[in-house]
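Undergrad: In the numbering used here, the protein residues as written are 1 to 507.
Each residue gets a CB set at the ideal place from its N, CA and C atoms; glycine is no exception.
Nothing here was measured: the structure is a model prediction, and the numbers come from that model.
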Ligand code: CS2
C-alpha cells in the first residue's frame with residue numbers, strides 16, 4: 001500500500017513537470033478514463049510542448065467521480081506508467097484544465113461543448129457509449145436515455161445527445177465551427193459518429209431538426225481515427241510503484257504498454273494540435289488502418305479473452321501462453337480476419353501479427369481477460385459480422401468467428417449447470433441480463449444460438465439470416481459446455497480441415 005506520509009502529486013512536485021501550466025482549453029473530451037489519459041493526452045502534451053497552442057483539455061467522466069476528484073486533488077496531474085518486462089518509464093502529462101462528471105452536471109457538458117473556445121470535442125466512450133443498436137447499427141431510439149435526450153434539451157445523458165445539444169448551443173450563440181473526433185474502436189468511427197449525430201438531430205421537432213442538420217452540415221467535421229495502445233485498469237501495484245520510484249502519492253496512475261499508435265484523417269474544421277509531433281500519422285487511408293486494427297487486434301483479442309477466461313486465465317498474457325489458445329488466435333487472425341481487410345501499403349501483415357503476439361505476451365501489464373471480455377455484445381458487432389459474412393458468401397464456414405461467438409455466450413450467458421469461472425463472471429455487459437434470460441429458456445447451445453443470433457440479432461440483421469453460422473455457433477457452445485473450450489477449439493481446427501502439422505506450423 002502507498003505510505004500515507006508521502007506528498008500527493010501536485011503542481012509543486014519537484015522534478016516531474018516540464019511545463020509550469022496547462023495550455024488554455026480548446027478540447028472537450030467525453031469519456032475521461034484511463035485510455036484517454038494514456039493516449040490523446042500524451043500526444044496533446046507533446047504537441048503543445050513542441051508547437052504551443054491553446055489545446056488544454058476539459059475531461060468529462062460519464063458517471064464516476066473517482067478520476068475527476070483525484071485530478072482536482074492533484075492539480076490536474078497524474079502519472080503515465082509505461083510498463084514492459086524490461087522496466088517502467090514515467091511521465092506526467094500536463095494538459096487537463098478541468099474535469100467534472102456529466103451525470104452530476106449535465107448542463108455543464110452542453111455549455112462546455114457549446115463554448116466558443118472549444119474547437120474539438122473528442123470521445124472515448126467505448127463502443128457501448130454510442131447508443132447504437134447492434135442489430136441495425138443505427139441510433140437505438142428504444143434506449144430510454146436516448147428518448148430522454150430527444151425529449152429534453154437541457155440535461156442530456158448520452159454522448160450523442162450531449163454533442164447535439166452542445167452543437168445547437170453553438171449554432172444559437174456564436175456559430176463557430178467545431179470538430180467531433182471519435183477515438184473509439186468502431187469501424188469508420190468518424191462516419192459512424194456523424195451518422196448517429198445526424199440521426200439524433202433528424203428526430204427532433206421538424207423545424208429544429210432542419211435547422212440543426214443544416215448547421216451541422218456546414219460547421220462540423222467528423223474525422224475518423226484509429227487509436228491503439230493497450231491500457232489496463234490501474235491497481236495498487238501501480239500506485240505503489242509510483243510511490244516507491246517517484247516519491248509521491250498518485251491515486252490515479254495509468255499503466256500502459258510502450259506501443260502507441262494514432263492514425264487520423266486530417267479534417268479538422270477549427271484547427272488541431274500538432275499531434276504529429278508525438279508520432280500521430282495523418283492520412284486519407286484511416287479506414288484501412290481501422291479495419292486492420294478492429295479486426296486483427298480487437299477481434300482476435302476477444303477470442304483470446306473468452307477462451308482464456310473459460311480456461312481459468314485471469315490475464316491476456318496468461319491466456320496467450322496457453323498453446324491451444326495461441327493456435328486458435330493465429331487461425332482466426334490469419335484465416336478469417338486477414339482476408340477481410342485491405343492491408344495498408346505501409347504495413348507488413350506478418351510483422352503486424354508478430355508484433356500483436358508480442359504485445360499480448362507482455363506479462364508485466366497484467367491486462368485482464370475480464371476487461372477485454374466486457375461489453376462483448378457491442379464490441380463483437382464491430383468485429384465479427386463483416387468478415388463472417390464475406391466468408392459465408394464465398395461458401396466457407398468461419399469456424400473461429402463462430403468459436404468467438406460461442407465462447408462469448410458461454411462466458412456471459414451459460415446454460416444451466418455450466419460454470420464459466422470467476423474471470424467470465426467478472427465480465428460486464430449491457431446485454432448480460434437479456435442474454436441470461438434467453439439462456440435460462442434454452443435447452444441447448446443450438447437453441448441459445450438460435451435465440452441470440454437468429455431472433456435477437458445480436459450480431460446484426462444479416463448474420464441473423466445465416467442459419468449455417470448460427471448452427472455452427474450452437475454446436476460449439478454445446479462442445480464448450482460438455483467437453484470444455486479446448487475441445488471446441490479442436491473441433492474448429494478439424495472443421496477448418498487443417499492437418500495437425502499445419503496446426504503446429506501456425507503456432
Ligand atoms: C480490447 C481493446 O477491450 C478490448 O476490447 O481489444 O481495449 C484493446 O486493448 C485496445 O483497443 C488496444 O488499442
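Which same chain residues, not among the five before or five after residue 125, have their C-beta less than 6 angstroms away from its C-beta?
TA: Answer for residue 125: 30, 31 and 159, listed in chain order.
Undergrad: Compare the C-alpha of residue 292 against each of 348, 420 and 272 and name the closest.
TA: Closest option to residue 292, Cα to Cα, is 348.
Undergrad: Which residue comes first and which comes last in the alpha helix (DSSP H) that contains residue 192?
TA: Element bounds for residue 192: 189-202.
Undergrad: So what does residue 90 bridge to, in DSSP terms?
TA: Bridge partners of residue 90: 81.
Undergrad: Our contact map puts residue 408 next to residue 344 with C-beta atoms below 8 angstroms; I'd like the distance itself, whole angstroms only.
TA: Between residue 344 and residue 408 the Cβ distance is about 29 angstroms, and since that is not below 8 angstroms, they are no contact.
Undergrad: Can you give the beta carbon distance from residue 397 to residue 302, rounded, assuming they're within the 8 angstroms contact cut?
TA: So it is not a contact: roughly 19 angstroms between Cβ atoms.
Undergrad: Just to confirm before moving on: does the CB-CB distance between residue 481 and residue 445 stay below 8 angstroms?
TA: Yes; because the gap between Cβ atoms is below 8 angstroms, this pair is in contact.
Undergrad: Can you tell which of 453, 72, 214 and 185 has the C-alpha that lies nearest to the C-alpha of residue 199?
TA: Out of 453, 72, 214 and 185, 214 has the C-alpha closest to the C-alpha of residue 199.
Undergrad: Based on DSSP bridge pairs, tell me the residues matched to residue 29.
TA: Paired residue(s): 59 and 122.
Undergrad: Could you give the residue range of the alpha helix (DSSP H) that holds residue 72?
TA: That run of the alpha helix (DSSP H) goes 66-73.
Undergrad: Got a sec, what are the start and stop residues for the beta strand (DSSP E) residue 182 sits in?
TA: 178-182 is the span of the beta strand (DSSP E), which, as asked, contains residue 182.
Undergrad: Quick one: grab the DSSP three-state call for residue 337.
TA: Of the three classes helix, strand and coil, the one that applies to residue 337 here is helix, per DSSP.
Undergrad: Ligand 1 heavy atoms versus the CB of residue 513: any closer than 7 angstroms?
TA: Since the displayed the chain opens at 1 and closes at 507, residue 513 lies outside it and no answer follows.
Undergrad: For residue 492, count neighbouring Cβ atoms within 10 angstroms of its own Cβ and tell me buried if that reaches 16, exposed if not.
TA: Buried, because 16 or more other Cβ atoms sit within 10 Å of the Cβ of residue 492.
Undergrad: Can you name, in chain order, every residue of its own chain whose Cβ lies under 8 angstroms from the Cβ of residue 467, other than the five neighbours on each side?
TA: 454, listed in sequence order.
Undergrad: Kindly indicate which three-state DSSP category residue 511 falls into: helix, strand or coil?
TA: The question about residue 511 has no answer here: the residues shown for the chain are numbered 1 through 507.
Undergrad: Can you tell me whether residue 461 is buried or exposed? The criterion is at least 16 other CB atoms within 10 Å of its CB, across all chains shown.
TA: The residue in question, residue 461, is exposed, as its Cβ has fewer than 16 Cβ neighbours within 10 Å.
Undergrad: Whose C-beta lies closer than 8 angstroms to the C-beta of residue 234 among residues of the same chain, with five residues either side of it excluded?
TA: 34, 252, 253, 254 and 255.
Undergrad: Determine which residues share a DSSP beta bridge with residue 320 and list them.
TA: BP columns for residue 320 are empty, so no partner.
Undergrad: Provide the residue span of the alpha helix (DSSP H) that contains residue 450, from first to last.
TA: Element bounds for residue 450: n/a, residue is neither H nor E.
Undergrad: Less than 7 angstroms between C-beta atoms, sequence neighbours within five positions excluded: which residues of the same chain meet that for residue 133?
TA: If we look at residue 133 and ignore the five residues flanking it on each side, its Cβ neighbours are 140.
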